[in-house]
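Heads up, the thing below is written out as structure tokens.
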Amino acid sequence: GLPLIINLITAQNAKVMIKNNVLAKNTNKIPEAGNIDLLCTDKTGTLTKGVLTPVYNIMGNGHPIAYAQMLIKNLFAMNAILNNDSMYDDKGEIVGGNATDRAVLSMFDINSYNDVKSTYSVKSHRPFNSAYKFSAVETEYEGELITLYKGAPERFINSASSVLIDDTIHEIDKDYLMSKIEEFTSKAMRVIATGYSLEPIDFDSSELPNDLVITSLIAIRDDVRPEVPEAVKQMHEAGVQVMMITGDVINTAKAIAADAGLITSENDLVYTASEIDAMSDDELKDKLSRIKVIARATPDTKLRIVQVAQSLNRCVGMGGDGTNDSPALKAADVGFSMGSGTDVCKESGDIIITDDNFVSITKAVLLGRTFMHNVMKFLKFQLPINVGLVVMSILYPILLGVEALAAVQILVVNIVMDSLNSLSFGGEPAKDEYMKEAPIPKGSKLLSKNTIGQIAVSVVAFIALFGATLIPQIRNIFGSEEIYATARFALLIFMATFNGFNIRTDGLNLFKGIGKNKLFIEIAIVIFALTFVLAQFGGAIMGCASMNLIQWIAVIVISFMIIPIDLVRKAIVNGGKK
31 GLPLIINLIT
41 AQNAKVMIKN
51 NVLAKNTNKI
61 PEAGNIDLLC
71 TDKTGTLTKG
81 VLTPVYNIMG
91 NGHPIAYAQM
101 LIKNLFAMNA
111 ILNNDSMYDD
121 KGEIVGGNAT
131 DRAVLSMFDI
141 NSYNDVKSTY
151 SVKSHRPFNS
161 AYKFSAVETE
171 YEGELITLYK
181 GAPERFINSA
191 SSVLIDDTIH
201 EIDKDYLMSK
211 IEEFTSKAMR
221 VIATGYSLEP
231 IDFDSSELPN
241 DLVITSLIAI
251 RDDVRPEVPE
261 AVKQMHEAGV
271 QVMMITGDVI
281 NTAKAIAADA
291 GLITSENDLV
301 YTASEIDAMS
311 DDELKDKLSR
321 IKVIARATPD
331 TKLRIVQVAQ
341 SLNRCVGMGG
351 DGTNDSPALK
361 AADVGFSMGS
371 GTDVCKESGD
381 IIITDDNFVS
391 ITKAVLLGRT
401 FMHNVMKFLK
411 FQLPINVGLV
421 VMSILYPILL
431 GVEALAAVQI
441 LVVNIVMDSL
451 NSLSFGGEPA
461 KDEYMKEAPI
471 PKGSKLLSKN
481 TIGQIAVSVV
491 AFIALFGATL
501 IPQIRNIFGS
511 EEIYATARFA
521 LLIFMATFNG
531 FNIRTDGLNL
541 FKGIGKNKLF
551 IEIAIVIFAL
561 TFVLAQFGGA
571 IMGCASMNLI
581 QWIAVIVISF
591 MIIPIDLVRK
601 AIVNGGKK
């Protein structure tokens, strides 16, 4: 029955996931999602709204760009529009590119966009790369070749020797510009620098040119999604370490992490990718469990975190949206690709988060845990029946010289229990209590000690109740051997069905949440009715004989005793959790 229940639960969970903006491309990863104990996530669009809004655009003296000055106005407009992977479509909406590109382009309307595009042409283009953190385009301005750069401000400040203020070039004040960046980033703003050079693009170098002139610093902000802090808290309660790995500077990353609830104590660690690179694997292993933020990360940073965590036998979930994230997504135990990501990224991931929302990743973890709980419930249901039936099928012929059940009755038991109850447990809904449990460690056995204990109690109870029919006072109720054989058949199925109520919840309230799985009640009713019909009217084909009302009441009472027996076990094991 296990392959059947796995296929049924996989199909049911996949449908539920789609409703929760989670597309399981690799359905085998659904249960593994529930075992994640380290989740690495991006920031923009996942923890945050993904809608970046320009707040400031300042020159090297801290003043807003003076658009009355034609040189700086034109150079900035050309940079923002030409050196950009986003564009205006026919409907006047900004499409394509990433959130940063769209934010920068939003500083100009469609008319300005069309003017620049029609006036200046791109001679060559170097796309943005997270390793060297800038993009560049060559164009011609007033008869002279010029290269426009856009990227990480600290790289620009380290390379540039001058800034353009209004229409005049001035010597750069690096300390002042760094203080402005820190001011912005401490308020959870991302800063982008723009600049230009008179040198052509050197495609073989990852360095910026020495004659780079900084045009402006753009500060943009992307607020944390309002639902994210509660989702992060839920992940922490579930024993999952959430680590934000972002390309932002450390101050911005730290501010966002605090708003999202990732940083909760003074022991939480925040590093830049360069600091991570400087650590040995042993140092990183020692600190890994306390790292909450890695800023200015590269694809190699993500991949190394996955590999080091896996060397500690941790189950790693990795989120990403770019082509460069593909190695880390493939290496992770579960790769979460964002719906807005590249095709290569989606191909590399196992699960696609269609709305890019961190909350949806949390739901994927919950549904993964639900999958494993439902499989375990099925095993707790099936094993007592099968083990008990094997034992009784051996003992009855040896001790009494009769079959415990006829062959056709055993066949019916297996068909009913494997198929109908697979649907019952496959439909059990996700429960918030699953997110209060610790993740299952890698390499753990399918059956835990508690599960084996519950199964053992059920097996003993099955055999004891089945054997109770041998007590003369009870045996006499059923009279002839044909009716007694019928009673044994009905008793086994009724016991198993009543035991299903024990299994579906760990608490004493057997009906907790049953309204969310109405199929369970419906199937139980069908099983009771089908058993009655087969026993009462099956005749010689089923090896059964009709029973009277007293005999049916006796069967129901004996089989129902499986419930109080298990309630006693629950009270002993968990102190009567409701």
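Residue 157 in this note's numbering is what sits at position 127 of the sequence shown, and the numbering runs on without skipping anything.
Yeah, the Cβ is synthetic: ideal placement off N, Cα and C, and Gly gets one too.
Item checked: Nearest to F388 (by Cα), restricted to the options P84, N404, V258, E512 -> Considering only P84, N404, V258, E512, the residue with the shortest C-alpha distance to F388 is V258.
Check: Who pairs with L314 in a beta bridge, going by DSSP?
Finding: Bridge partners of L314: none, in fact.
Note to self: Between which residues of its own chain and A129 is the CB-CB distance below 8 Å, once the five residues before and five after are set aside?
What the structure shows: These residues qualify, in order along the chain: T74, G75, G80, V81, L82, D252.
Check: Closest by CA to L38, which one among A166, L435, N58?
Finding: N58
Check: Should T169 and K153 be called a contact, given that it needs their Cβ atoms to be closer than 8 Å?
Finding: A distance below 8 Å separates the beta carbons of T169 and K153.
Margin query: Tell me which residues share the same chain as L342 and place their Cβ nearer than 8 Å to its Cβ, disregarding the 5 neighbours each side in the sequence.
Written below: K315, L318
Notebook entry, point to check: How far does the beta strand (DSSP E) with P61 in it reach, from first residue to last?
Noted result: Run containing P61: none in the beta strand (DSSP E); it sits in the alpha helix (DSSP H), 60 to 63.
Next item on the list: Decide if Q503 is buried, meaning its Cβ has at least 16 other Cβ atoms within 10 Å, or exposed.
Entry: That one is exposed.
Checklist line | Limits of the beta strand (DSSP E) - the one that C70 falls within | finding: For C70, the enclosing beta strand (DSSP E) starts and ends at 68 to 71.
Checklist line | Residue span of the beta strand (DSSP E) that contains F164, given as start and end | finding: Going by DSSP, F164 is part of the beta strand (DSSP E) stretching over 164 to 171.
Next item on the list: Count the other CB atoms, across all protein chains shown, that sit within 10 Å of the CB of F233; report buried if there are 16 or more and exposed otherwise.
Entry: exposed
Margin query: Given this structure, state the Cα-to-Cα distance separating I35 from I391, to the nearest angstrom.
Written below: Distance between the alpha carbons of I35 and I391 is about 24 Å.
Notebook entry, point to check: In terms of residue numbering, what span does the beta strand (DSSP E) encompassing E201 cover?
Noted result: 198 to 201
Margin query: Quick check on the DSSP output: the alpha helix (DSSP H) that includes A498 runs from which residue to which?
Written below: A498: not part of any alpha helix (DSSP H); DSSP gives it neither H nor E.
Notebook entry, point to check: By Cβ distance below 6 Å, which residues in the same chain neighbour S576 in space, the five residues on each side in sequence not counted?
Noted result: The answer, listed in chain order, is Q566.
Check: What number of angstroms, rounded off, separates the C-alpha of D380 from the C-alpha of R399?
Finding: If you take the alpha carbons of D380 and R399, they lie about 16 Å apart.
Notebook entry, point to check: Between the C-alpha atoms of I544 and F550, what's the straight-line distance to the nearest angstrom?
Noted result: 8 Å
Notebook entry, point to check: Hey, how far is the Cα of K393 from the Cα of L53?
Noted result: About 11 Å.
Checklist line | Sufficient close CB pairs (3 or more, under 8 Å) joining the segment 101 to 118 to the segment 419 to 431 | finding: At 8 Å Cβ cutoff, the stretches do not touch.
Notebook entry, point to check: Counting pairs of beta carbons, one from the segment 100 to 107 and one from the segment 211 to 219, are three or more of them closer than 8 Å?
Noted result: no
Note to self: Considering Cα atoms alone, identify which of T294, G277, G269, L560 is closest to D330.
What the structure shows: Cα-wise, what sits closest to D330 is G277.
Checklist line | Euclidean distance between Cα positions of I176 and S165 | finding: 14 Å
Item checked: Cβ contact (3+ pairs, closer than 8 Å) linking the segment 461 to 472 and the segment 554 to 570 -> no
Item checked: Run of the beta strand (DSSP E) containing V279, from where it starts to where it stops -> Looking at the DSSP string, V279 is not in any beta strand (DSSP E), and its letter there is neither H nor E.
Next item on the list: Determine the contact status of A44 and V364, defining contact as a CB-CB distance below 8 Å.
Entry: no
Next item on the list: Grab the span of the alpha helix (DSSP H) containing N50 for me, first residue to last.
Entry: That residue, N50, is in no alpha helix (DSSP H); it is neither H nor E in DSSP.
Check: Where does V336 land, buried or exposed, given buried means 16+ other C-beta within 10 angstroms?
Finding: buried
Next item on the list: Would you list, in sequence order, the uninterrupted alpha helix (DSSP H) runs of no fewer than 4 residues that lie entirely inside the segment 86 to 168?
Entry: Listed in chain order, they are 100 to 112, 129 to 135, 140 to 149.
Check: Along the chain, where does the beta strand (DSSP E) that runs through V323 open and close?
Finding: 321 to 325
Note to self: Let's test the definition: count the other Cβ atoms within 10 Å of the Cβ of D120 and tell me whether it reaches 16, buried, or not, exposed.
What the structure shows: exposed
Check: For the 8 Å Cβ check, are there 3 or more pairs between the segment 526 to 533 and the segment 405 to 413?
Finding: Yes, since at least three Cβ pairs between the segment 526 to 533 and the segment 405 to 413 fall closer than 8 Å, the two stretches touch.
Margin query: Can you give me the C-alpha to C-alpha distance between N354 and F528, rounded to a whole angstrom?
Written below: Rounded to whole angstroms, N354 to F528 spans 54 Å at the Cα level.
Item checked: Completely contained beta strand (DSSP E) runs for the segment 260 to 301, where each covers 3 or more residues -> List check, beta strand (DSSP E) in window: 271 to 275.
Checklist line | Where E174 sits in the DSSP three-state scheme | finding: strand
Item checked: Anticipated Cβ contact below 8 Å, G347 with L69, distance rounded -> 4 Å
Next item on the list: Inspect the beta-carbon positions of A283 and V254 and report whether they are closer than 8 Å.
Entry: Contact: no.
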